[in-house]
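**Q** One structure follows; several queries about it will come next.
Protein chains: 4
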Amino acid sequence: MTIIKKSVLSMGEMASGAKLTVPVYFIKGTGDGPSVYIQANMHGAEVQGNAVIYQLLEQLKRLSINGDITLVPYANPVGANHKNGEYTLGRFDPITGVNWNRMYHYDESQIDRFVETLTSEDQVEIDLQFQALLLDGIAQKLDHNQYGLTTGQRIAYQLQKMAHQADLVLDLHTGPISSKHLYCPEYAQGSASYFDIEHTILIPDSFDGAMDEATFCPWWHLSKKLASRGINYQLRRESFTVELGSQELIDLDVAAQDAKSILSYLQYKNVIDSCEFTPKEITRYACYLKDYKAFYSPMGGMVDYLATFGDVLKAGEPLARILRMDNYGDGDALHYISLDHDVIPILHFASASVNQGTELYKVFSKYFELT
Amino acid sequence: MTIIKKSVLSMGEMASGAKLTVPVYFIKGTGDGPSVYIQANMHGAEVQGNAVIYQLLEQLKRLSINGDITLVPYANPVGANHKNGEYTLGRFDPITGVNWNRMYHYDESQIDRFVETLTSEDQVEIDLQFQALLLDGIAQKLDHNQYGLTTGQRIAYQLQKMAHQADLVLDLHTGPISSKHLYCPEYAQGSASYFDIEHTILIPDSFDGAMDEATFCPWWHLSKKLASRGINYQLRRESFTVELGSQELIDLDVAAQDAKSILSYLQYKNVIDSCEFTPKEITRYACYLKDYKAFYSPMGGMVDYLATFGDVLKAGEPLARILRMDNYGDGDALHYISLDHDVIPILHFASASVNQGTELYKVFSKYFELT
Amino acid sequence: MTIIKKSVLSMGEMASGAKLTVPVYFIKGTGDGPSVYIQANMHGAEVQGNAVIYQLLEQLKRLSINGDITLVPYANPVGANHKNGEYTLGRFDPITGVNWNRMYHYDESQIDRFVETLTSEDQVEIDLQFQALLLDGIAQKLDHNQYGLTTGQRIAYQLQKMAHQADLVLDLHTGPISSKHLYCPEYAQGSASYFDIEHTILIPDSFDGAMDEATFCPWWHLSKKLASRGINYQLRRESFTVELGSQELIDLDVAAQDAKSILSYLQYKNVIDSCEFTPKEITRYACYLKDYKAFYSPMGGMVDYLATFGDVLKAGEPLARILRMDNYGDGDALHYISLDHDVIPILHFASASVNQGTELYKVFSKYFELT
Amino acid sequence: MTIIKKSVLSMGEMASGAKLTVPVYFIKGTGDGPSVYIQANMHGAEVQGNAVIYQLLEQLKRLSINGDITLVPYANPVGANHKNGEYTLGRFDPITGVNWNRMYHYDESQIDRFVETLTSEDQVEIDLQFQALLLDGIAQKLDHNQYGLTTGQRIAYQLQKMAHQADLVLDLHTGPISSKHLYCPEYAQGSASYFDIEHTILIPDSFDGAMDEATFCPWWHLSKKLASRGINYQLRRESFTVELGSQELIDLDVAAQDAKSILSYLQYKNVIDSCEFTPKEITRYACYLKDYKAFYSPMGGMVDYLATFGDVLKAGEPLARILRMDNYGDGDALHYISLDHDVIPILHFASASVNQGTELYKVFSKYFELT
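Chains as they are written, first to last, in the working numbering: chain A, 802 to 1172; chain B, 802 to 1172; chain C, 802 to 1172; chain D, 802 to 1172.
What follows is the structure, encoded as structure tokens:
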């Protein structure tokens, strides 16, 4: 029987002195498999990952566990608790506007120094030393610094400290109104087929502050550097941002499906000792991050979103039509929006009301089948 | 061929001096039917009414019009344009918190004075004089007053000035995530069956600041007062708040259906000279306003809404289950919410994340079939 | 040496499960004086009352206490912790827009019933029974009710339960940008001169949901009813809303002065056994609530507030000038705002940027000296 | 007599179709001096620059003008009109959180190409060609692009198009609660002494998206590149961010002083033909951007800001004290905050209520006298 250990992490204090905490669930494995870190709800409105962690725990209870597993729901309680009107305003710090998922730490300059001063070419040794370096970097940031940390840095660094201790990292997010999709580092695309997710965005090794990048970029850069020095090194760390669908929704039944999709990946990686999880036989499409395009509204108005997620939208077919009642009678009250090439729509904006320049859709513009 | 006259009303000035305007569409009828006033989007996020007005205009273009029809989309541009995060924060003035649909004017004390000084018992004459009284009341409010008006009063009074000139008033709203439903004054329940709407809330004659009340309460009170004096008077004015479904959505195809539902009512009232619109044969349920109950969350948490709108939910059956991952392992991670009597759920909160005390559901608690 | 007992009250749960609590400080008096309830920060941005409670506690520590004293800082942690941008959005529930200080409970209809069924004409007995009635009303509201309470009701009722147990109630607020002023029930104007506050608004006995009204209206109505029955009864309960100046400010030195002002009132009421506190010799002005007027901006624009708080502004003298750079060159870039009669400005809006209809100033329009 | 030409720029459309416009004031000079671009209010709450432009126009009307002057108040009406509660939420796009002053365009890679293909070493010719290159870059961005622009890019690029046509650029901002200070590129520190501003931050040539950087970085990089090639080139372009004091304030009298300070700089640069403006004789301090430090609150709480802007705060002296009433009686209710080295405080946070990690103060940490 799996033992789930629970602890609580302090993540911030509000003006009234209220302390916000985060529950951390830990399962000790036999040590025969890689370790995993899974977090959810870094963006306040993207709550479905909490339900997926619930369903994962319900499954893990009865499974044999090889690798250590850490699960962190409600990763960012400041974001999760911030309402504006009926909705949760949780993509960014309401005071500063900074995206909560752009505050992780990575100092690329340390790679060169690390490789130059390397005393062993043994992979296990390299891994240990490099992980120690990453953890030390975070510890330095969290350590006493008289000028302090921003609200978001304090949260991000505490999470990152746990994530750096794992071999595999899953950051559970959602889109606004969205189909499921996966952010996957280019080198790990072989793993994408173990998730029951039809659309994968392949991301390069440039760091932009997100959790997945903060945990795979260092190792990817390290492996490239070692390769350039002729040192044999196997890049085994993987990090994914798993986009579970739409925000502002909890569906425990869908979460049970998503938990199985994640368990299929964990079984493939030998984190769990099981053969019961099989990825769905579906056609999987991918595109490179540079081809994952945002379409911004050419006008203000109210939008009837027309395109179906996941299906190819042919050039010239409408993504959406925009209602402009103020033009009725003496102008065009309906504007159809389309592109001059085929795309696969993945998600659209959460509201029908848009300003000129609001991000209407995100689409795969140069997609290909993932094999 | 119907002529649609367009004009523009000034509704407010912002800090930069930007003027917000509202388009007003007017169709002059033959004069053989009652006049109608239809507005939409008084609450910023409740946009679907604009699409319904679009579809109404598209239909009215080709129909024969008896009564004058005034249609006002985007009735409250201050609300419609106010974003907080991705969503429209439009139920209340973002500065004061006052609900935009609680600022209309009605001075009940004028009824007694009016009836006491009545010089004729002829209905046409009474109607004319009473309408003049109502319009004069609004004019006094809008007239120069050195202390001024609030932002919401200025908007509400300008709309009310148009509404008071009509015999029938439709205020198009939506719920948060909601089925269609109708607010109908108790005396007009015979009209409710002409709308393709399954659920009707019957409201009494107490004024709480809303448009429908502001336009039917005076006439209802007048008719009661006249009856108490033994004067024969037929109450013919009607006002409805039509709840079109969920907020934050534009769907022009659904709007075409809703336009037909409204045209069915207008045909019944002889506003249009037509016999093509037939109300759907559906079972219609009603409840009194006092039995239209809000259920407030007994705890903070993340909600998986379970109950289906419009179906009877039996006593003890779950409305929702609330996820509390912080209790996983050492408490109840899932809480089921139910009531001890049968209800019909009509709408639920727009977000999965709730504080203790957030309105989770609204339900018909003592419902009956509307015949 | 005064013993200060501290307890903690649970005031709400957020979506992440975080519990918000409120510290309650209680000092047991000798019983020779009336009991007092003091709370602060019901509106989130109105924080200075917390500092005043700090300074009160620092003083009370060394004083002799006759009446029981309950002090509640951070009365509404949901409001206090709610940021939008840099500022605290705390006047109303961010989800519903309802003003946090309009949710207290009072059922006026119970007065008649209470007086009709009175079994004694003894004041002490009447007081005890009536207090029990009020407390029972709150208990009924807080008791299990399957439809639940709103977030604000749960907070308000818990506070009101404490307030109803006291003879004297002080609710510490602030204006936006404001001079100090006092809301005082008309019958208690003799007490106003014991506060070091120059401007007093005299309020009638109509209940609008605020804490002061919720605690003095019942007793005022009771005393009127008893008087109408010829029963001798002394109205001794008093409640004040003390407006400490501007919101979004903590100043511990000013708070020490305000604590002395409150102690002067408590000494006058014999709550503390002291003679060291003397109210300042200042001219005090009052006006009736109906003459405490809000001035709404006649246009959108950016405001240079000119009038000095507390000084008489002569008819025709400018309250403010509004900059409209969009009119520069082809219109009036500067608009001067004035009134046609003398007023005393008390507070103005918190921001320079206003919409048409924003409340610019609040002024005493028919003021008189308080003697 | 100076002729002020007014035009209007379209800056965005809202959901209701409302168009937001920006007034542009243009004064044609004799051509004997450098041209100037001055804008204000890119951040919504930072309104005082509009009043300064008002006072500048009032002065320029009567002065002799050598260089063309373009003045743009209300540069960002989307930001200026966005209220949340009483305050203006204008530092970032309320939908995306992106800082409005981080969206300007600069493609550093074009410098190399430009210098490599240079056909003349004449400064006038280089200036003309390089300006054409910059303007073409903006035109490409604004030109039809089927995926569109964000709301902020559309605003920023239109402003930048005007700014690139000027030799000198002043972007008028304010801090939250702040003393006056100046952002000045390191190479232009000689100009800082012509402003009546005591504190100057010297900024390097790295581009972070702001208007000042977007207009001086290209020319600075160009001049460095030309120097490295041995081409004689005089860097004459200058751009400053002028921080006028606190946000949420309009003071036309203070604005008249600030206008004179700017005119002193314009006179020094020969933009105006005048000798009436003399910079104040004040001690001016500077620090490098890397030494302009933000101090983040080590705890949540309510802040009594103690340090005086502009004065040296000695090591160990308190910046602020933080009230934590929840700790009264069983912990520290007051926490004093200090640093271990001397600093000059420049600004502090706008609200007394802070979360753990909120930016409390910004200070000059290694300051020196500017000579």
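Glycine residues also receive a C-beta, built at the ideal position from the N, C-alpha and C atoms.
Note that the coordinates shown come from a computational prediction; the quantities given were computed from them, not determined experimentally.
Taking Cβ-Cβ distances shorter than 9 Å, what residues in chain B pair up with Leu1148(A)?
**A** Here residue 1148(A) corresponds to residue number 347 of the first sequence, with the count starting at 1. Near Leu1148(A) there are no residues of chain B at all, since even the closest Cβ is about 12 Å away, more than 9 Å.
**Q** Of all the alpha helix (DSSP H) runs that stay within the bounds of the region 1019-1077 of chain A, which reach a length of 4 or more residues?
**A** Counting whole runs of 4 or more residues, the region 1019-1077 of chain A contains the alpha helix (DSSP H) stretches 1053-1069.
**Q** What three-state label does DSSP hand Ala933(C) in the structure shown?
**A** Counting from one through the third sequence, the residue named residue 933(C) turns up at place 132. Of the three classes helix, strand and coil, the one that applies to Ala933(C) here is helix, per DSSP.
**Q** What does Glu887(A) reach in chain C if we use C-beta pairs closer than 7 Å?
**A** As a first step, residue 887(A) must be located in the first sequence, where it is residue number 86. Within chain C, the residues near Glu887(A) are Ile896.
**Q** Going along the chain, which residues of the region 1031-1049 of chain D sit with their C-beta nearer than 8 Å to a C-beta in chain C?
**A** Going along the region 1031-1049 of chain D in chain order, one finds Glu1049 with a Cβ nearer than 8 Å to chain C.
**Q** Can you check which of these residues, Tyr1089(D), Thr831(D), Val899(D) and Gln947(D), is closest to Gly1117(A) by C-alpha distance?
**A** Here residue 1117(A) corresponds to residue number 316 of the first sequence, with the count starting at 1. Gly1117(A) has its Cα closest to that of Gln947(D), out of Tyr1089(D), Thr831(D), Val899(D) and Gln947(D).
**Q** Classify Ala957(D): buried if its beta carbon has 16 or more other beta carbons within 10 angstroms, exposed otherwise.
**A** Here residue 957(D) refers to the residue found at position 156 when the fourth sequence is read from its first residue. The residue in question, Ala957(D), is buried, as its Cβ has 16 or more Cβ neighbours within 10 Å.
**Q** Would DSSP call Glu1082(B) helix, strand or coil?
**A** Here residue 1082(B) is taken as the residue at index 281 of the second sequence, counted from 1. Three-state DSSP puts Glu1082(B) in coil, outside helix and strand.
**Q** Does Pro986(C) get closer than 9 Å to chain A when you measure Cβ to Cβ?
**A** Counting from one through the third sequence, the residue named residue 986(C) turns up at place 185. Judged by the 9 Å Cβ criterion, Pro986(C) is not in contact with chain A.
**Q** With the cut-off set at 9 Å, would you say Glu999(B) and His982(B) are in Cβ contact?
**A** The count along the second sequence starts at 1 and reaches residue 999(B) at position 198. The count along the second sequence starts at 1 and reaches residue 982(B) at position 181. In this structure, His982(B) lies closer than 9 Å to Glu999(B) by Cβ.
**Q** On a Cα-Cα basis, can you pick out the residue from Leu960(B), Ala1060(B), Phe1110(B) and Asn1128(B) that is closest to Ala819(C)?
**A** Translated into positions along the third sequence, residue 819(C) becomes position 18. Comparing Cα positions, the closest option is Asn1128(B).
**Q** Does the beta carbon of Leu950(C) come closer than 9 Å to any beta carbon on chain A?
**A** As a working mapping, residue 950(C) is identified with position 149 in the third sequence. No - not a single Cβ of chain A is within 9 Å of the one on Leu950(C).
**Q** Can you look up Ile1002(B) in the DSSP assignment and give me helix, strand or coil?
**A** Position 201 of the second sequence, counting from 1, holds the residue named residue 1002(B). Correct three-state label for Ile1002(B): strand.
**Q** Less than 9 Å between CB atoms is the rule here; does Thr822(A) satisfy it with respect to chain C?
**A** Walking along the first sequence from the start, residue 822(A) turns up at place 21. Yes - at least one Cβ of chain C is within 9 Å of the one on Thr822(A).
**Q** Excluding five sequence neighbours on each side, which residues of the same chain lie with their C-beta closer than 6 Å to the C-beta of Val1104(B)?
**A** The count along the second sequence starts at 1 and reaches residue 1104(B) at position 303. Result list for Val1104(B): Ala1121, Ile1123, Ala1153 and Val1155, in chain order.
**Q** Residues of chain C with CB closer than 8 Å to the CB of Pro878(A), please, in chain order.
**A** In the first sequence, counting from the first residue as 1, residue 878(A) sits at position 77. Residues of chain C passing the Cβ test: Met815, Ser817 and Ala819.
**Q** Counting only Cβ pairs nearer than 9 Å, list the residues of chain B close to Gly1130(C).
**A** Stepping through the third sequence from its first residue, residue 1130(C) is reached at position 329. Going along chain B, no residue has its Cβ under 9 Å from Gly1130(C), so there is no contact; the nearest lies around 13 Å.
**Q** Starting from the Cα of Gly898(D), find the closest Cα among Asp913(D), Glu887(D), Gly880(D) and Asp908(D) and give me that residue.
**A** Position 97 of the fourth sequence holds residue 898(D). Among Asp913(D), Glu887(D), Gly880(D) and Asp908(D), the Cα nearest to that of Gly898(D) belongs to Gly880(D).
**Q** Using the Cα positions of Ser1098(B) and His1142(B), report the straight-line distance between them to the nearest angstrom.
**A** As a working note, residue 1098(B) is residue 297 in the second sequence. As a working note, residue 1142(B) is residue 341 in the second sequence. Roughly 17 Å separates the two Cα atoms.
**Q** Checking contacts by CB at 9 Å: is Val848(B) closer than that to chain D?
**A** Within the second sequence, numbered from 1, the residue matching residue 848(B) stands at position 47. It does; some Cβ of chain D falls within 9 Å.
**Q** In the structure shown, what three-state DSSP assignment does Ala1134(D) receive?
**A** Within the fourth sequence, residue 1134(D) is the residue found at index 333, counting from 1. Correct three-state label for Ala1134(D): coil.
**Q** For a contact defined as C-beta to C-beta under 8 Å, what are the partners of Asp869(A) on chain B?
**A** For the purposes of this step, residue 869(A) is taken as residue 68 along the first sequence, with counting starting at 1. Under the 8 Å cutoff, chain B gives no residues; its nearest Cβ is about 17 Å from Asp869(A).
**Q** Could you give the distance in angstroms between the alpha-carbon of Leu943(B) and the alpha-carbon of Ala993(D)?
**A** The sequence position of residue 943(B) within the second sequence is 142, counting from 1. The sequence position of residue 993(D) within the fourth sequence is 192, counting from 1. Each residue's alpha carbon lies about 52 Å from the other.
**Q** Is it right to say Asn1071(D) is buried, meaning 16 or more other beta carbons lie within 10 angstroms of its own, or is it exposed?
**A** Within the fourth sequence, the letter at position 270 stands for residue 1071(D). Classification for Asn1071(D): exposed.
**Q** Is Gly1117(A) close to chain D? Criterion is C-beta to C-beta, closer than 9 Å.
**A** Residue mapping note: residue 1117(A) aligns to position 316 of the first sequence, counting from 1. Not one chain D Cβ lies under 9 Å of Gly1117(A).
**Q** Would you list the residues sitting across from Val873(A) in a DSSP beta bridge?
**A** On the first sequence, residue 873(A) is found 72 positions in, with the first residue counted as 1. In DSSP, Val873(A) forms a bridge with Gln840(A).
**Q** Roughly how many angstroms separate the alpha carbons of Val823(A) and Ile1147(D), rounded to a whole number?
**A** Sequence index remark: in the first sequence, residue 823(A) carries index 22 (1-based). Sequence index remark: in the fourth sequence, residue 1147(D) carries index 346 (1-based). Answer to the nearest angstrom: the Cα atoms are 36 Å apart.
**Q** With a threshold of 9 Å between beta-carbons, can Ala881(D) be considered close to chain B, or not?
**A** Residue 881(D) sits at position 80 when you count from the first residue of the fourth sequence. By this cut-off, Ala881(D) is an interface position.
**Q** Since Pro874(A) meets chain B, which of its residues come closer than 7 Å, beta carbon to beta carbon?
**A** Locating residue 874(A) in the first sequence gives position 73, counting from the first residue. Simply Met1126.
**Q** State yes or no: is the beta carbon of Met1103(C) nearer than 9 Å to at least one beta carbon in chain D?
**A** Position 302 of the third sequence, counting from 1, holds the residue named residue 1103(C). Cβ-Cβ to chain D under 9 Å: yes for Met1103(C).
**Q** Roughly how many whole angstroms lie between the Cα atoms of Tyr1089(D) and Val1043(D)?
**A** Within the fourth sequence, numbered from 1, the residue matching residue 1089(D) stands at position 288. Within the fourth sequence, numbered from 1, the residue matching residue 1043(D) stands at position 242. Between Tyr1089(D) and Val1043(D), the C-alpha separation is close to 16 Å.
**Q** Verify whether the separation of the beta carbon atoms of Val916(A) and Leu1027(A) is less than 9 Å.
**A** Your numbering for residue 916(A) matches position 115 in the first sequence. Your numbering for residue 1027(A) matches position 226 in the first sequence. Yes; because the gap between Cβ atoms is below 9 Å, this pair is in contact.
**Q** Just curious, the alpha helix (DSSP H) that Asp913(D) is in, first and last residue?
**A** Counting from one through the fourth sequence, the residue named residue 913(D) turns up at place 112. Start and end: Ser910 to Glu917.
**Q** Look at the alpha carbon of Thr1109(C) and the alpha carbon of Glu987(C), and state the distance between them as a whole number of angstroms.
**A** Along the third sequence, read from residue 1 onward, the residue named residue 1109(C) stands at position 308. Along the third sequence, read from residue 1 onward, the residue named residue 987(C) stands at position 186. For Thr1109(C) and Glu987(C), the distance between alpha carbons rounds to 27 Å.
**Q** Against chain C, does Lys884(A) count as a neighbour if the rule is that its beta carbon must be under 9 Å from one of theirs?
**A** Position 83 of the first sequence holds residue 884(A). Yes, its Cβ sits closer than 9 Å to a Cβ of chain C.
**Q** Entirely within the region 810-870 of chain C and at least 4 residues each: give me those alpha helix (DSSP H) ranges in chain order.
**A** Those alpha helix (DSSP H) runs which fall completely within the region 810-870 of chain C and span 4+ residues are 849-861.
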